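Q: Numbering that gives the first Met the number 0 applies: residue 0 is where the sequence shown begins, and numbers increase by one.
Just passing along the structure, written as structure tokens.
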Amino acid sequence: MRVAMARPLHAYSYSRNSPNKALEHLKARYLASPLGRFTRLLLACTCAVASGGLHAAGQKSLDSDLGFNECTIGSGATALIAQCTTIEVPLDASSNANSEGASLDLAIARIPARRQSERQDAFTLIAGGPGQSAIETFPSVSFAFRHIMQNHDVILIDQRGTGSSAKLVCEESSDSMGLSFEVDDAQTSAQSKECLDALDYDPTWFTTSMAVHDLERVRETLGVSQWNMYGISYGTRVALQYLRRYPEAVRTLTLDAVVPPDISLGPEIAQLSQRALDLIFKRCTEDEGCNEAFGNLSDATMDLLESLEASPRNISFEDVASGKLSSMEFTRQHLAVTIRLMSYSAQTAAILPSMLHDAIVNDNFAPLARQAKLQTKSLGNTLATGMHHAVICTEDAPFVDNDSAGNDAGTYLGEGVIQSLMASCEQWPAGRIDDDFKDPVVSDVPTLILSGEADPITPPSYGDSVAEHLTHSRHIVNAHQGHMQAPFGCMPVLLAQFISTGSVDNLNVECLTRLRATPFFVDANGPLP
0 MRVAMARPLH AYSYSRNSPN KALEHLKARY LASPLGRFTR LLLACTCAVA SGGLHAAGQK
60 SLDSDLGFNE CTIGSGATAL IAQCTTIEVP LDASSNANSE GASLDLAIAR IPARRQSERQ
120 DAFTLIAGGP GQSAIETFPS VSFAFRHIMQ NHDVILIDQR GTGSSAKLVC EESSDSMGLS
180 FEVDDAQTSA QSKECLDALD YDPTWFTTSM AVHDLERVRE TLGVSQWNMY GISYGTRVAL
240 QYLRRYPEAV RTLTLDAVVP PDISLGPEIA QLSQRALDLI FKRCTEDEGC NEAFGNLSDA
300 TMDLLESLEA SPRNISFEDV ASGKLSSMEF TRQHLAVTIR LMSYSAQTAA ILPSMLHDAI
360 VNDNFAPLAR QAKLQTKSLG NTLATGMHHA VICTEDAPFV DNDSAGNDAG TYLGEGVIQS
420 LMASCEQWPA GRIDDDFKDP VVSDVPTLIL SGEADPITPP SYGDSVAEHL THSRHIVNAH
480 QGHMQAPFGC MPVLLAQFIS TGSVDNLNVE CLTRLRATPF FVDANGPLP
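In structure tokens:
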């Protein structure tokens, strides 16, 4: 069953008397705010990790046999008190539990349920990327799961290759999912090889097929009866593969921004990114304030990209984090990648038209340049590049048809996405992958599928595709929203109800009709009143 939630836009009251420079300052303040930081976290999406549960929920004492100690995960306002430990697993995760050989330690964090309970099922989040840490990710989005945390232990596992689980990271490496500012395929390939040579582990063991065995080993070790699994983006790939291998171990499954098993991420990136931008521009033209302020930005944006292709701009701008002046050559690739990442969230999409208009009309690229720098830093801090490559170069690149980018020429990303993907994997060894990895997952486990209408990487059609083979599923599509739905509107309540009842049948989704996309900024004071 698919439920599409249509919503009108919402506007707030603001005074509208400040000059243009104040708009830039306001944008900078927003991007540095907790909401802005959360939005940037969503942009890195594409997934990572999962796991763990300790005996019965509500048991607040630490388990000395498993080495749990009190710890803090996250930082600042999002810090959470938890219980942390590590569990040793074989490097060959598919081997017998008692076999000898190389091993690694998986980092685990447990947040006990707030209420005493005899439940032995637990909630686990599988993070995105590939390459994000579940333990590092969860605190920033924990408010989306606050109702679930009342009655369920939360168990987080850093998937092998991420966070504190033998992290595979490279200081400098081109991204293999079309997020690189580089256009030289030879340089992309060379950087990828440097990354490979710098790793401490053989990356062929750091794939999804290995990670699902880790997840099952942790479940058995901690005494969790079943998982209530939540996967975001790439994490949905892990969750579905785990469901395939261990169907009896999954009580409920939530797939947020789902990646179907048969989809290889890469060939459709340019077209899906263009689709999302077209939806943003369409919403702008249908919004009185946005249309009056900026008009139809579609053709002007393509002209701007061509202008930068011919003449990159030398830009100076204030770094809002350090307060220092930064300089950079702003290229067509910078603009394209910045547009793409700002399209991931309705929050950042709300300020994209004003930034583009400022560059088009006033030749002011400072806000966009600031975004480009911020995003590269954010991606570098949140993704384990080596693990990202280990997954992409095993599960995606080998299944890409080099001729599949024929329709990319008319998109704002252009024709370089697949070439960059293939160049980054050119010298990378293929890892362990199950023979049935690309087959649809068939199951009757209760599954809630969440999609954003304007998601630039995992569109609603992906959710429809997966739902065809999940007989007890419900697909909810939120209008105008981007990547990741769990935190918005009444979705946290619906998630808790779904996990509590273990069924999608009686969920009342009417509350989602009140969910509004973030209104477009039209000047220094934000949206029209």
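Built from N, CA and C at the ideal position, the CB exists for glycine as well.
Here the structure is a predicted model, which means the values were calculated and not measured.
Could you check whether valine 476 and proline 455 sit closer than 8 Å to each other, using their CB atoms as the reference points?
A: In the sequence shown, counting from the first residue as 1, residue 455 sits at position 456. In the sequence shown, counting from the first residue as 1, residue 476 sits at position 477. No, they are not a contact pair.
Q: In chain order, what residues of the same chain lie with their CB nearer than 6 Å to the CB of threonine 253, ignoring the 5 residues before and after it?
A: On the sequence shown, residue 253 is found 254 positions in, with the first residue counted as 1. Only Tyr229 and Leu447 meet the Cβ criterion.
Q: Do the CB positions of glutamate 509 and glutamine 480 come within less than 8 Å of each other?
A: The residue labelled residue 509 in the question sits at position 510 within the sequence shown. The residue labelled residue 480 in the question sits at position 481 within the sequence shown. Contact: no.
Q: Under 7 Å Cβ to Cβ from phenylalanine 519, same chain only, skipping five residues before and after it: list those, please.
A: One-based indexing of the sequence shown puts residue 519 at position 520. Once the five neighbours on either side are set aside, the close Cβ partners of phenylalanine 519 are Cys283, Asp286, Gly288, Cys289, Ala349, Pro352 and Pro526.
Q: Compute the distance between the beta-carbons of threonine 470 and cysteine 194, then report whether it is under 8 Å.
A: The residue labelled residue 470 in the question sits at position 471 within the sequence shown. The residue labelled residue 194 in the question sits at position 195 within the sequence shown. For threonine 470 and cysteine 194, no; Cβs fall outside 8 Å.
Q: According to DSSP, is leucine 511 part of a helix, a strand, or is it coil?
A: Within the sequence shown, numbered from 1, the residue matching residue 511 stands at position 512. In this structure, leucine 511 counts as helix in the three-state DSSP scheme.
Q: Name the one or two DSSP bridge partners that aspartate 255 has.
A: Counting from 1 along the sequence shown, the entry for residue 255 is found at position 256. Ile231 and Leu449.
Q: Is there contact between the stretch 105-120 and the stretch 81-93, where contact requires at least three CB pairs shorter than 8 Å?
A: Enough Cβ pairs lie closer than 8 Å, so yes.
Q: Are the C-beta of glutamine 426 and some C-beta of chain C separated by less than 8 Å?
A: Here there is only one protein chain, and chain C is not present.
Q: Does the count of Cβ pairs from the stretch 306-319 and the stretch 386-397 closer than 8 Å reach three?
A: The answer is no - the stretch 386-397 does not touch the stretch 306-319, with fewer than three Cβ pairs under 8 Å.
Q: Could you tell me which whole beta strand (DSSP E) segments of length 3 or greater appear in the stretch 326-400?
A: Complete beta strand (DSSP E) runs here, min 3: none at all.
Q: Sort out for me which residues DSSP pairs glycine 409 with in a bridge.
A: Here residue 409 corresponds to residue number 410 of the sequence shown, with the count starting at 1. Note: glycine 409 sits in no beta bridge, so no partner.
Q: Can you tell me where the beta strand (DSSP E) holding leucine 105 begins and where it ends?
A: If you number the sequence shown from 1, residue 105 lands on position 106. Where leucine 105 is concerned, the enclosing beta strand (DSSP E) stretches over 102-110.
Q: Given this structure, state the Cα-to-Cα distance separating alanine 189 from lysine 166, to the nearest angstrom.
A: Numbered from 1 along the sequence shown, position 190 holds the residue referred to as residue 189. Numbered from 1 along the sequence shown, position 167 holds the residue referred to as residue 166. Near 21 Å, if we compare the C-alpha coordinates of lysine 166 and alanine 189.
Q: Rounding to the nearest angstrom, what Cα-Cα distance links leucine 198 and alanine 396 in this structure?
A: The residue labelled residue 198 in the question sits at position 199 within the sequence shown. The residue labelled residue 396 in the question sits at position 397 within the sequence shown. Answer to the nearest angstrom: the Cα atoms are 20 Å apart.
Q: Compute the beta-carbon to beta-carbon distance between glycine 162 and serine 132, rounded to the nearest angstrom, for a pair I have assumed lies under 8 Å.
A: If you number the sequence shown from 1, residue 162 lands on position 163. If you number the sequence shown from 1, residue 132 lands on position 133. So it is a contact: roughly 3 Å between Cβ atoms.
Q: To the nearest angstrom, how far is the alpha carbon of arginine 113 from that of phenylalanine 144?
A: The residue you call residue 113 lines up with position 114 of the sequence shown. The residue you call residue 144 lines up with position 145 of the sequence shown. Cα-Cα distance, rounded: 13 Å.
Q: Are there 16 or more other CB atoms within 10 angstroms of the CB of leucine 271, so buried, or fewer, so exposed?
A: The residue given as residue 271 occupies position 272 in the sequence shown. Flag for leucine 271 reads buried.
Q: Pick out whichever of Ser442, Ala408, Arg243 and Asp443 has its Cα sitting closest to the Cα of glutamate 305.
A: Locating residue 305 in the sequence shown gives position 306, counting from the first residue. Nearest C-alpha to glutamate 305: Ala408.
Q: Could you round the C-beta distance between proline 138 and glycine 234 to whole angstroms and report it? I think they count as a contact, below 8 Å.
A: Looking up residue 138 in the sequence shown gives position 139. Looking up residue 234 in the sequence shown gives position 235. 16 Å between Cβ atoms; not a contact.
Q: Does leucine 511 pass the burial test, meaning 16 or more other C-beta atoms within 10 Å, or should it be called exposed?
A: Stepping through the sequence shown from its first residue, residue 511 is reached at position 512. Answer is buried; the Cβ neighbour count reaches 16.
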